[in-house]
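Undergrad:
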Amino acid sequence: MTESYYELLGVGPEATETEIKQAYREQVKQHHPDVSDEPDAREKIMEIREAKEVLMDPVQRAQYDQHGQVQKNGHSESTQGAGAGAGFGEQWKQQRQSDKADAWQRRARAGRRARTRTRERERTSSAERVDPTIREQLEWAADQLRDTFELFVRLLTQSPADSISITRERFAGIATSPTSIRLGAAIILILAFTQAAPALGVAYVPQQNPGTGLGFVLTALIISYTSYELVSPLPFESPRSRERYKPAGRDRVWPIAGANIFSLVLIFMGTAMGARDGGIAFSFASVFVFAGFFLMLPSVFGNGARVLISTDEDSVPSRPTWMGVGFGMLIGVVVLFTEWGGKGSFQELVIAGGSATPTPWVGQFTLGPLHLGMIVNFLLGLALISGLLWSVMAMCRDLTSAPWSDRYEHGYRVRPGLWNAVLATPFVVLTWMIAVDIQRIPVDVLGSTIMVSRVSLFTLIFLLPTMLTGAYILRRRAEPFLREKLFYPPPPQGE
1 MTESYYELLG VGPEATETEI KQAYREQVKQ HHPDVSDEPD AREKIMEIRE AKEVLMDPVQ
61 RAQYDQHGQV QKNGHSESTQ GAGAGAGFGE QWKQQRQSDK ADAWQRRARA GRRARTRTRE
121 RERTSSAERV DPTIREQLEW AADQLRDTFE LFVRLLTQSP ADSISITRER FAGIATSPTS
181 IRLGAAIILI LAFTQAAPAL GVAYVPQQNP GTGLGFVLTA LIISYTSYEL VSPLPFESPR
241 SRERYKPAGR DRVWPIAGAN IFSLVLIFMG TAMGARDGGI AFSFASVFVF AGFFLMLPSV
301 FGNGARVLIS TDEDSVPSRP TWMGVGFGML IGVVVLFTEW GGKGSFQELV IAGGSATPTP
361 WVGQFTLGPL HLGMIVNFLL GLALISGLLW SVMAMCRDLT SAPWSDRYEH GYRVRPGLWN
421 AVLATPFVVL TWMIAVDIQR IPVDVLGSTI MVSRVSLFTL IFLLPTMLTG AYILRRRAEP
481 FLREKLFYPP PPQGE
């Protein structure tokens with residue numbers, strides 16, 4: 001290896017542990033065999049991991065900086081250290097290459113023994129997956145937690161730089177997205193059908209003929225989504241080329257169903273415990289209390305500390321700012337969840353807000369002055385609303401792009417337009433019913449009448465993440481079978 005450990009990670013000899021971790025993550029994202037087409041991607045990622053392990057260990061790093069080599073397993077591994085000259089003998093280089101070859105063979109043998117028949121059939125790349133170690137996963141989780149809290153503090157105490165430019169770029173990206181183009185075309189078609197209906201002799205008044213209007217909406221959606229799939233990519237979009245079948249590296253969609261199912265289980269548990277509407281009203285009260293006591297109050301104290309005490313103008317929040325935010329959150333906890341809060345406690349606020357069940361999931365229990373039962377119910381309420389809203393937003397984002405990515409980047413024979421149309425239909429129909437002031441629509445299905453109402457569509461939207469995501473996961477699972485039996489069947493016997 002001609003590159004030093006520092007060069008592999010793209011950092012300098014004075015890099016801190018945080019900088020090394022960040023550089024390591026960036027290099028893994030770029031050179032991981034699952035995303036990189038380089039023929040030596042696997043060896044590259046092993047070298048990057050080795051560089052990170054050495055530079056994160058103070059003893060090995062000091063030894064490496066001084067001698068350009070590290071004592072491991074009774075022999076030295078040498079590269080170009082921060083202060084070492086180029087070349088430390090062909091002997092160490094050959095020994096290191098031999099160790100890597102042995103490690104490669106051991107890993108390959110273990111992979112062959114553990115690989116199932118289905119996975120073997122789905123494999124399309126010679127680069128095996130390089131899974132992170134448990135220590136790396138724990139470090140990643142700790143980094144994510146720290147970065148999330150730092151982002152939370154920054155959002156409360158600092159305004160984004162050049163917010164107008166950021167907003168303009170995001171709006172331009174949304175306006176030219178495939179979803180916006182198709183929905184815009186559907187709206188134009190709905191207006192055209194509505195205006196053309198009297199000229200064609202079709203009596204149409206939305207409140208009197210809701211079924212006809214529903215037909216216009218569904219027809220417009222089918223035309224817009226089908227036409228886009230036929231004519232795409234548009235001139236301002238990047239060209240698409242069908243790749244060979246390679247299921248590895250596809251977007252994960254199962255967390256959408258997982259978050260949605262978790263929220264639905266909480267609703268069912270709340271209903272079983274006797275809570276009105278399954279604890280949904282309590283959850284909304286939790287959201288409002290969180291906004292007031294854990295967003296506004298910490299923001300006031302954090303900004304006050306930043307203005308009055310801190311002189312740090314860097315983008316990273318200073319210690320007084322962190323202390324101000326923490327003090328504001330502590331006040332919120334004392335007022336809401338201790339006996340010192342009195343009538344301002346969370347339980348009193350929920351009862352005053354009209355919720356008949358202030359403890360929808362867990363009964364009251366305390367630890368000294370701290371009302372732990374209310375804290376658990378408060379967190380579960382936040383989790384319920386967060387799970388529902390996140391699953392719906394993630395479904396709209398990921399299940400819109402995943403079929404296109406699977407078809408053109410991973411070789412699946414899916415129809416993106418069909419999945420996107422199914423996803424968009426309840427949103428568009430509900431929006432149309434609200435716009436024309438229609439409460440319910442009777443629909444005849446096989447001799448029986450089904451009433452489609454706003455409430456039923458609203459409920460369907462929050463059930464759709466589990467239903468649609470589950471169906472799409474099954475479609476992905478069925479791809480090898482469909483390719484073998486339907487798309488590319490084996491030749492008949494005798495040919």
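Quick note: the sequence shown uses the UniProt record's numbering, first residue 1, plus one each step. Backbone N, C-alpha and C fix where the C-beta goes; we use that ideal spot for every residue, glycine too. Please read all numbers here as calculations on a predicted model, not as lab measurements.
#1: So, for E19: in the same chain, excluding its five sequence neighbours on each side, which residues have a beta-carbon less than 7 Å away from its beta-carbon?
#2: When the Cα atoms are used, what is the spatial distance from E47 to R25?
#3: According to DSSP, is L446 helix, strand or coil?
#4: Does the distance between the C-beta of G173 and the nearest non-hydrogen atom of the ligand MN fall short of 6 Å?
#5: For M296, count the other beta carbons within 10 Å of its own beta carbon; 16 or more makes it buried, fewer makes it exposed. Which is it?
#6: As a quick exercise: from Q439, E136, T133 and G249, pick the residue whose alpha carbon is nearest that of S36.
#7: Since I believe G324 is in contact with F301 (beta carbons under 8 Å), could you give me their beta-carbon distance rounded to a whole number of angstroms?
#8: Does the distance from the CB of R240 to the CB of P233 come in under 7 Å?
#9: Under 6 Å Cβ to Cβ from M395, same chain only, skipping five residues before and after it: list those, please.
#10: Within a Cβ cutoff of 8 Å, which residues of the same chain sit near D314, ignoring the five residues on either side of it in sequence?
#11: Throw me the rounded Cβ distance for the E38 and K44 pair, which I believe falls under 8 Å.
#12: Let me check one thing: in DSSP terms, what residues is T176 bridge-paired to?
#13: Rounded to a whole number of angstroms, what is the C-alpha to C-alpha distance between M433 and N209?
#14: Starting from L367, follow its DSSP beta bridges and name the residues at the other end.
#15: For a test of the three-state rule: what should DSSP assign to T212, helix, strand or coil?
#16: Could you tell me the distance, in whole angstroms, from the CA atom of F458 to the CA atom of F427?
#17: Closest to A402 by C-alpha separation, out of T179, A23 and A141, would be which residue?
#18: Whose C-beta lies closer than 7 Å to the C-beta of G270 among residues of the same chain, with five residues either side of it excluded?
#19: Can S263 and L151 be called in contact, C-beta distance under 7 Å?
#20: Around the Cβ of T16, are there at least 16 other Cβ atoms within 10 angstroms (buried) or fewer (exposed)?
#21: Return the CA-CA distance between I385 and I174, expressed in angstroms with no decimal places.
#22: In three-state terms, what does DSSP make of R440?
#23: Just to check my reading of the structure: T357 and A285 have Cβ atoms closer than 8 Å, yes? What is that Cβ distance to the nearest angstrom?
#24: Report buried or exposed for F346, applying the criterion of at least 16 other Cβ atoms within 10 angstroms of its Cβ.
#25: Where does T338 fall in DSSP's three states?
#26: Using a Cβ-Cβ distance cut-off of 7 Å, determine whether Q66 contacts chain E.
#27: Can you tell me the Cα-Cα spacing of L372 and I267, whole angstroms?
#28: Cα-Cα, which of R476, I223 and I375 is closest to I187?
#29: For V452, which of helix, strand or coil comes out of DSSP?
#30: Suppose you measure from the CA of D162 to the CA of W390; what does that come to, to the nearest Å?
TA: In short:
#1: Excluding positions up to five away in sequence, the list reads V11.
#2: 13 Å
#3: Coil at L446, not helix or strand.
#4: Among the components modelled here there is no ligand, and therefore nothing to report on the ligand MN.
#5: exposed
#6: G249
#7: 4 Å
#8: yes
#9: Beyond the five residues adjoining it in sequence on each side, M395 comes within less than 6 Å, by CB distance, of I256 and P465 in the same chain, given in chain order.
#10: Low confidence applies here, because D314 scores a pLDDT of 48, under 50, leaving its location unreliable; read the following figure in that light. Excluding residues within five positions, none has a Cβ falling inside 8 Å.
#11: 7 Å
#12: None; T176 has no bridge partner.
#13: 12 Å
#14: L370
#15: helix
#16: 8 Å
#17: T179
#18: So the qualifying residues of the chain are G278, G279, P360 and W361.
#19: no
#20: By the neighbour-count rule (16 or more Cβ atoms within 10 Å), T16 is not buried but exposed.
#21: Going from the Cα of I385 to the Cα of I174 covers about 25 Å.
#22: strand
#23: The pair is not a contact, with the Cβ atoms about 11 Å apart (cut-off 8 Å).
#24: buried
#25: strand
#26: Among the chains of the structure shown, chain E does not appear; only one protein chain is present.
#27: 21 Å
#28: Closest by alpha carbon: I223.
#29: Strand.
#30: Caution is warranted here: a pLDDT of 49 is assigned to D162, below 50, making its placement in the model unreliable, and the coordinate value is therefore given only provisionally. About 27 Å.
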